[in-house]
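Read through the structure below, which is laid out as structure tokens, and then see the notes.
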Amino acid sequence: MVHSLFGDGVHFYNVAHRGFSAAAPENTMSAFEKGIKAGANMLEMDVMLTSDGQVIVFHDYRLGRTTNGAGLVNRLPASHIRSLDAGIWFDQKYREEKVPLLDEVLELAKGRVRLNIEMKHRRHDGAASLVERCIRVVERHHMSDEVIFSSFNLETLRLLHYSKPHLRFAPLYRHNLNPTPRSFPLQYGAQGVVLNHLFLNRTVVRQLHNLGLRVFVYTVNGLRRIEKMIGMGVDGVISDNPALVKSVAGQILG
Ligand code: G3P
Ligand code: MG
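Numbering (our numbering), first residue to last: 39 to 292.
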């Protein structure tokens, strides 16, 4: 078995994807609070930089889908983005939910759950400042040991690793077979990989475990798929529905 990720004996992570995003608007304080209450022991969130260099918790590069605003996140200041409604698109009862700052989510999670911070940036040259500012915020909260970073962009993770080698990170892959991704995580000392559940099988999980890499899978929402992933021995299931993952994990893992 691979060592416990945070050295606390926890071997399975029920990861609330953008918070409990099946029950509340994604990447909002309500979704994160509900994720914790539903039994998640890790929250996944997407972070990006505003035009004035604030780290906000938001998924799309454009504001339109999940707020009442429009335009590109990286071209607008935090004051504008935070004046928008990030909840009403989901349900009237979430009206006036704001786009959170990374600061606020760290505060909410501290001492309660671990965090998976997924760094996203649109412009190629945005990586260095995003990495630097994420590190600054996490260190300000003294939460370096409560966080695992991830990104689809390997260069971003390389920058993170060079800057702070002790920080945990796991690269994200969209298609993870042929060959199984291993050279980057092994070369840079990643704690694991985050794989698309559609391309996973038991052999791949075993191979990665034998290399000392933990296997997280995204985004797993169906009951049967959750059962299958946990049955394969993955170390974390990233789901929009952490309540369902909790009940399945309880049955399979005890
Ligand atoms: O953590 C996995 C997942 O969050 C990656 O895809 O688009 O939901 O950020 P996305
Ligand atoms: Mg994500």
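All C-beta atoms, glycine included, are put in the ideal place defined by N, C-alpha and C.
First and last residue of the uninterrupted alpha helix (DSSP H) at residue i
| i | result |
| --- | --- |
| His159 | His159 -> no alpha helix (DSSP H), and no H or E assigned at all. |
| Met67 | Met67 to Lys75 |
| Thr332 | This structure cannot settle anything about residue 332, because the visible part of the chain is limited to 39 through 292. |
| Val48 | That residue, Val48, is in no alpha helix (DSSP H); it is neither H nor E in DSSP. |
| His117 | Looking at the sequence provided, one finds Ser at residue 117 rather than His. That run of the alpha helix (DSSP H) goes Ala116 to Ile119. |
| Ala5 | Examination of residue 5 is not possible in this model, given that the chain is present from 39 through 292 alone. |
Cross-strand partners of residue i (DSSP beta bridge)
| i | result |
| --- | --- |
| Met83 | Ile155 |
| Gly269 | None, per the DSSP bridge assignment. |
| Arg244 | Paired residue(s): none; Arg244 is not in a bridge. |
| Ala54 | Leu81 and Ser277 |
| Ile186 | Asn154 and Arg206 |
| Arg252 | Gly230 |
| Arg100 | Leu110 |
For residue i, the nearest candidate out of the options (CA to CA)
| i | options | result |
| --- | --- | --- |
| His204 | Glu177, His118, Ala60 and Leu210 | Glu177 |
| Val137 | Asp163, Ser167, Asn154 and Asn106 | Asn106 |
| His49 | Ile155, Val169 and Leu251 | Leu251 |
| Asp278 | Arg120, Thr218 and Val255 | Val255 |
| Asp141 | Leu236, Asn79, Thr66 and Gln130 | Thr66 |
| Ile94 | Gln289, Asp183 and Cys172 | Cys172 |
| Ile186 | Val253, Arg220, Ser167 and Asp163 | Val253 |
| Ile290 | Ala281, Ile264 and Pro280 | Ile264 |
| Glu193 | Gly91, Leu249 and Tyr226 | Tyr226 |
| Phe44 | Arg206, Leu168, Gly77 and Asn191 | Arg206 |
| Glu184 | Arg150, Arg212 and Glu170 | Arg150 |
Element boundaries [beta strand (DSSP E), containing residue i]
| i | result |
| --- | --- |
| Ile94 | Val93 to Val95 |
Any non-hydrogen atom of the ligand G3P within 7 Å of residue i CB
| i | result |
| --- | --- |
| Ser277 | no |
| Thr188 | According to the sequence as given, residue 188 is Ser; it is not Thr. Checking the Cβ of Ser188 against the ligand G3P gives yes. |
| Val232 | yes |
| Leu210 | yes |
| Thr257 | yes |
| His55 | yes |
| His97 | yes |
Residue i beta carbon near the ligand MG (any heavy atom closer than 7 Å)
| i | result |
| --- | --- |
| Asp84 | yes |
| Glu156 | yes |
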